[in-house]
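Heads up: the structure comes next, in C-alpha cells.
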Amino acid sequence: MKFASLTTLLMGSTVLVGSVAVASAQDVTLTIESWRNDDLAIWQEQLIPAFEEANPGINVVFSPSAPTEYNAALNAKLDAGSAGDLITCRPFDASLELFNKGQLADLSDLPGMENFSDVAKSAWQTDDGSATFCVPMASVIHGFIYNKDAFEELGLEVPQTEEEFFAVLDKIKEDGTYIPMAMGTKDLWEAATMGYQNIGPNYWKGEEGRLALIQGEQKLTDPQWVEPYETLARWSDYLGDGFEAQSYPDSQNLFTLGRAAIYPAGSWEISVFNEQADFEMGAFPPPVKAEGDTCYISDHTDIAIGLNAASPNAEAAKTFLSWVASPEFAKIYANALPGFFSLSSTPVEMEDPLAKEFVSWRGQCESTIRSTYQILSRGTPNLENETWVASANVINGTETPEEAAQRLQEGLESWYEPQQK
Amino acid sequence: MEFASSRKKPIRWHIAVFLAPAVFVYTTVMILPLFGTLQFSLFRPSLVGQAFVGLDNFRTLLGDPRWSASFWNALWNNTWFFIIHMLVQNPIGVLLAALLSSPRLRLRGFYRTAIFVPTILSFVIVGFVWKLLLSPIWGVAPGLLDLVGLKGLFAPWLGKEEYALTTLGLISVWQFVGIPMMLIYAALLAIPDEILEAAECDGITGMGQFWKIKLPLILPSIGIISVLTFVGNFNAFDLIYTTQGALAGPNFSTDILGTFLYRTFFGFQLQTGDPNMGATIASMMFFIILIGVCLYLFVIQTRLRRYQF
Numbered sequence: 001m002k003f004a005s006l007t008t009l010l011m012g013s014t015v016l017v018g019s020v021a022v023a024s025a026q027d028v029t030l031t032i033e034s035w036r037n038d039d040l041a042i043w044q045e046q047l048i049p050a051f052e053e054a055n056p057g058i059n060v061v062f063s064p065s066a067p068t069e070y071n072a073a074l075n076a077k078l079d080a081g082s083a084g085d086l087i088t089c090r091p092f093d094a095s096l097e098l099f100n101k102g103q104l105a106d107l108s109d110l111p112g113m114e115n116f117s118d119v120a121k122s123a124w125q126t127d128d129g130s131a132t133f134c135v136p137m138a139s140v141i142h143g144f145i146y147n148k149d150a151f152e153e154l155g156l157e158v159p160q161t162e163e164e165f166f167a168v169l170d171k172i173k174e175d176g177t178y179i180p181m182a183m184g185t186k187d188l189w190e191a192a193t194m195g196y197q198n199i200g201p202n203y204w205k206g207e208e209g210r211l212a213l214i215q216g217e218q219k220l221t222d223p224q225w226v227e228p229y230e231t232l233a234r235w236s237d238y239l240g241d242g243f244e245a246q247s248y249p250d251s252q253n254l255f256t257l258g259r260a261a262i263y264p265a266g267s268w269e270i271s272v273f274n275e276q277a278d279f280e281m282g283a284f285p286p287p288v289k290a291e292g293d294t295c296y297i298s299d300h301t302d303i304a305i306g307l308n309a310a311s312p313n314a315e316a317a318k319t320f321l322s323w324v325a326s327p328e329f330a331k332i333y334a335n336a337l338p339g340f341f342s343l344s345s346t347p348v349e350m351e352d353p354l355a356k357e358f359v360s361w362r363g364q365c366e367s368t369i370r371s372t373y374q375i376l377s378r379g380t381p382n383l384e385n386e387t388w389v390a391s392a393n394v395i396n397g398t399e400t401p402e403e404a405a406q407r408l409q410e411g412l413e414s415w416y417e418p419q420q421k
Numbered sequence: 001m002e003f004a005s006s007r008k009k010p011i012r013w014h015i016a017v018f019l020a021p022a023v024f025v026y027t028t029v030m031i032l033p034l035f036g037t038l039q040f041s042l043f044r045p046s047l048v049g050q051a052f053v054g055l056d057n058f059r060t061l062l063g064d065p066r067w068s069a070s071f072w073n074a075l076w077n078n079t080w081f082f083i084i085h086m087l088v089q090n091p092i093g094v095l096l097a098a099l100l101s102s103p104r105l106r107l108r109g110f111y112r113t114a115i116f117v118p119t120i121l122s123f124v125i126v127g128f129v130w131k132l133l134l135s136p137i138w139g140v141a142p143g144l145l146d147l148v149g150l151k152g153l154f155a156p157w158l159g160k161e162e163y164a165l166t167t168l169g170l171i172s173v174w175q176f177v178g179i180p181m182m183l184i185y186a187a188l189l190a191i192p193d194e195i196l197e198a199a200e201c202d203g204i205t206g207m208g209q210f211w212k213i214k215l216p217l218i219l220p221s222i223g224i225i226s227v228l229t230f231v232g233n234f235n236a237f238d239l240i241y242t243t244q245g246a247l248a249g250p251n252f253s254t255d256i257l258g259t260f261l262y263r264t265f266f267g268f269q270l271q272t273g274d275p276n277m278g279a280t281i282a283s284m285m286f287f288i289i290l291i292g293v294c295l296y297l298f299v300i301q302t303r304l305r306r307y308q309f
C-alpha cells in the first residue's frame, strides 16, 4: 500500500515536471525592466494581452521599479546578469553608456525601425548616428494650454505670432479677472523647460540650430539663442504675484482652478488636467515671430525600449520590439496615455481632443528636441542645470539675457571642444 | 581605595567587552567611511580604475574658477547660515531659558514642550509647512500681514535671492531654538541656591543677578551650544534640499556645502555624479568643522574653565 502510493506520487510528479518542461519549450517569457510604474495597469490590461494574442507562445511580464531607483537598480542587475530581456531606455547618455558597455544590443536592423524619423531615434543612437539601440516609444510636446472659457469671456483669439501673444496677455492683465500666465520660477526647471525650451526652437530654427550648436558653428551668445531669453524676461509682467516663490504644483493648481488663463505646458499635463479642470481647454503651439514663419516645436524624445544583450530569448524579444515599433502598439499606447505621443512616422488616431491638438502641430511645424540634452550636458558645468538657473534668473530680472547667455557660453566652452574654436 | 590598590590588579576584561560593541559599530559606520572618503578625494577615475592624483582634486576645487566660485559661494552661505543661528537662535534660547526658570512663571511645562516640539519634527514637514505658510498664492503670511496693514512688507521671500537664505536660516532657528533653551535651562537650574542667596545678600537682584551671576556660570553651556550649532550648521542639508531643491535656487543663493556636496557626488538631472570631487568637498567640510571644533577646544574652552567651580 505504502509502496503503491509512493509510486503514484513519483509518477504523478514526473508527469507534472514533464508537462512543465513541455510548456517551457514552447513558451518564452520576456521580462521588461521599466521605471514607469504608473503604467503598470496599461501594460497588463491593454498592451501585453494585445501582443500575446498576436504572438502565441511568447509571454511578457512588465516589472517596473521606482523611477528614482531605476538607473541604479538596472545597472546593478545588468552587471550581475539578472536583468530582464527588455530594458526601458532613458534618453541619451544613460542608455548610450549601457550600449557602450555592451549591455544593450544594436537594433539598427530591427524590422520596424524604418517607422521612425532620425530625430525620433537621435536619443538612442551613438553620437555619429551609426547604431540605434532602443526602439523609440514616446515623446512629449511643448506648447501652451489655455482656458477656452476665459478666452471666450474676454473675446480673445488664439495668438499665432509673438506680437499677438503679448497682446492677448495684455488684455487678460487689463481685465484683471485672470492671472495671464501660470508659471513660477521657484523650481527652476519650469522656467527652463516650459519657458526656454518651449519657445526657443522658433528662434534657433529647431534642429538646424541645435545641431549647429553641437558642431560648434553657433554659440549660445548668438542672437537666436539670446532672443528667447529676452522674450522670457518680458513674461515676468504677466505671471502671478510672487511668482518667484511659486512652485510647479502651484502653477498647475492655479491653472486647473481656473485662476489663470494660459499655462506654458508639456503634453504630459494632459491627463492630469483632464481630471482636475472643469472648464474646456485648448492648446496652441509656441507663437512664431512673424506671420507665415515656419514654426518649430519641441517634440522631446523621452522613453524607448531596448534589448538586453545578454538575453537568452533574443529572437522572441526582437519579435516584441518589432511589435513596439508597429502602428498597432502606437495606437494603444498613445490613447492609454494621452500626452505621451508615439514617435512613429505613421500618424496615430487619438481620441483625446487636447492630445489631438498637440500632435496636429507635427504636421504644420518642424520637430526638434530640447537643445541641451544631446552631448552638451556631459561636462561640468552641466549645461542643462545651468540653463534652469539662467532661465529663472532672466525671468526674475536678476540677470540680463546677454549676461546669462555669456555665462552659459563660457561654461560650455570650458569643457566642450567644438565650442572652443 | 588604598586597600584595593594594594592588591594585584586583575585584568579588567569587562571594560573591553562592554566597549567592544560601541567601538565596533562606531568604527564600521563612522570611522571607516570617513577615512574612505578622505582616501577617495585623492583619486580620479582613469582607464585602469582609480588613479592616485595627490591633492589635484583639492587644487581643482580651490583653483578652477568655476569650482572655486561654487565652493566659496557655498562656504559663505554656510557661514551666513551659522551667523544667523548664533545671533538669533542662541540669544533667544538663553532668553527663553531665563524666562522659563523664573519661579513666578505658570504653565512652565506647557511652554517648554511647545517650544521644543518643532525640534522633533522631520525636516520634510518643517520645510513643507513653511513653504505653504510663506506661499504668495495659498499662504497665510500675506493675509496675516494684510490684517495688520503691513501687506506692503510681504515678498515672495523664498524666491528672492536676497532674502531666501536668511528666511531659511530663520525657519531653522524656529525649528531648533528648543535645543539651546533646554541646555541653558538645565544649566540655570543647576546653579546652587546658596550662590544666588549670597548674591541677594549683597544686593544683586533681578537683571543684575542674571548678568553678573547666572550668565558667567552658564557660559560653558553656551560654549557647548555654539559648537553644536557650528557642527550642525556646517553639516546642514535637509532643510535647503526639501524647500529649494538640489540646485538651491534662486541662482544658488541658498547653496550650502551640504547641497553642493550632494549635487556633485550624486549628480542631478542630466549631470552625472562625480564621487571623487564629491569626496573632496566632503573632506573640506570635515576639515572646516575640525578646525572650528579645535579652535573651540583649545582657545575658548580652556578660558571658560576658570569660571567653573
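Residue numbers (the UniProt record's numbering), protein chains in the order written: chain D, 1 to 421; chain W, 1 to 309. Quick reminder that beta carbons are idealized off the backbone N, C-alpha and C, glycines included.
- If you draw a straight line from the Cα of Ser102(W) to the Cα of Thr113(W), it is about 16 Å long.
- For Phe230(W), same chain residues with a beta-carbon under 8 Å away, outside a window of 5 residues either side, are Phe82, Ile289, Gly292, Val293, Tyr296 in chain order.
- If you ignore the 5 residues before and after Thr177(D), its C-beta comes within less than 8 Å of the C-beta of Ala150, Glu153, Leu154, all in its own chain and listed in chain order.
- Beyond the five residues adjoining it in sequence on each side, Glu244(D) comes within less than 7 Å, by CB distance, of Thr185, Lys186, Asn396 in the same chain, given in chain order.
- For Phe71(W), the nearest beta carbon of chain D is not closer than 8 Å to its own beta carbon.
- Counting only Cβ-Cβ distances below 9 Å, Gln246(D) has contacts in chain W at Ser135, Pro136, Ile137, Pro156, Gly159, in chain order.
- DSSP places Thr302(W) in the helix class (H, G or I) of the three-state scheme.
- At a cut-off of 8 Å between beta carbons, Leu270(W) contacts chain D.
- By the neighbour-count criterion, in which 16 or more other beta carbons inside 10 Å mark a residue as buried, Ile120(W) falls on the exposed side.
- For Val61(D), the pairing in a beta bridge is given by DSSP as Thr31(D).
- In this structure, Ser172(W) is the residue among Thr302(W), Ile213(W), Ser172(W), Lys214(W) with its C-alpha nearest to the C-alpha of Leu87(W).
- Asp250(D): member of the alpha helix (DSSP H) spanning 248 to 256, first to last residue.
- Residue environment for Ser63(D): exposed (fewer than 16 other C-beta atoms within 10 angstroms of its C-beta).
- Taking 8 Å as the cut-off, the Cβ atoms of Val226(D) and Glu417(D) do not count as close.
- Any Cβ of chain W closer than 8 Å to the Cβ of Leu254(D) would place that residue at the interface, and such an atom is present.
- Between the beta-carbon of Thr387(D) and that of Thr372(D) there is about 5 Å, and that keeps the pair under the 8 Å contact cut.
- By the C-beta density criterion, His14(W) is exposed, having fewer than 16 other C-beta atoms within 10 angstroms.
- In the DSSP assignment, Gly143(D) falls outside any alpha helix (DSSP H) and within the unbroken beta strand (DSSP E) covering 134 to 147.
- Contact check between the segment 256 to 275 of chain W and the segment 90 to 99 of chain W: fewer than three CB pairs, one atom from each, fall below 8 Å, which does not count as touching.
- Between Asn90(W) and chain D, the shortest Cβ-Cβ separation is not below 8 Å.
- Judged by DSSP secondary structure, Gln209(W) falls within the alpha helix (DSSP H) whose first and last residues are 206 to 209.
- Assigned with DSSP and collapsed to three states, Ala261(D) falls in strand.
- Inter-residue distance for Gln50(W) and Tyr248(D) is about 40 Å (C-alpha atoms, whole angstroms).
- Taken residue by residue, none of the segment 10 to 42 of chain W has a beta-carbon sitting less than 8 Å from a beta-carbon on chain D.
- Taken in chain order, the complete beta strand (DSSP E) segments of 3 or more residues contained in the segment 147 to 193 of chain D are 179 to 181.
- Counting only runs of at least 4 residues, the segment 222 to 266 of chain W fully encloses the following alpha helix (DSSP H) elements, listed from N- to C-terminal order: 238 to 244, 257 to 266.
- Taking 8 Å as the CB threshold, Glu417(D) stays off the interface with chain W.
- Judged by DSSP in its simplified three-state form, Arg36(D) adopts coil rather than helix or strand.
- With respect to chain D, the C-beta atom of Pro250(W) has a partner C-beta closer than 8 Å.
- DSSP places Phe176(W) inside the alpha helix (DSSP H), whose first and last residues are 161 to 176.
- In the three-state reduction of the DSSP assignment, Val288(D) falls in the strand class, which pools E and B.
- Secondary structure at Tyr296(D): strand, using DSSP grouped into helix, strand and coil.
- When C-beta atoms of the segment 204 to 219 of chain W are compared with those of the segment 151 to 171 of chain W, fewer than three pairs fall below 8 Å, so the two segments do not count as touching.
- The shortest CA-to-CA distance from Val61(D) to any of Glu69(D), Pro67(D), Ile87(D) is the one to Ile87(D).
- Pro45(W) carries a strand assignment under DSSP once its states are collapsed to helix, strand and coil.
- Taking the Cα of Thr79(W) as reference, the smallest distance to any Cα among Phe298(W), Gly258(W), Thr280(W), Ala279(W) is reached at Gly258(W).
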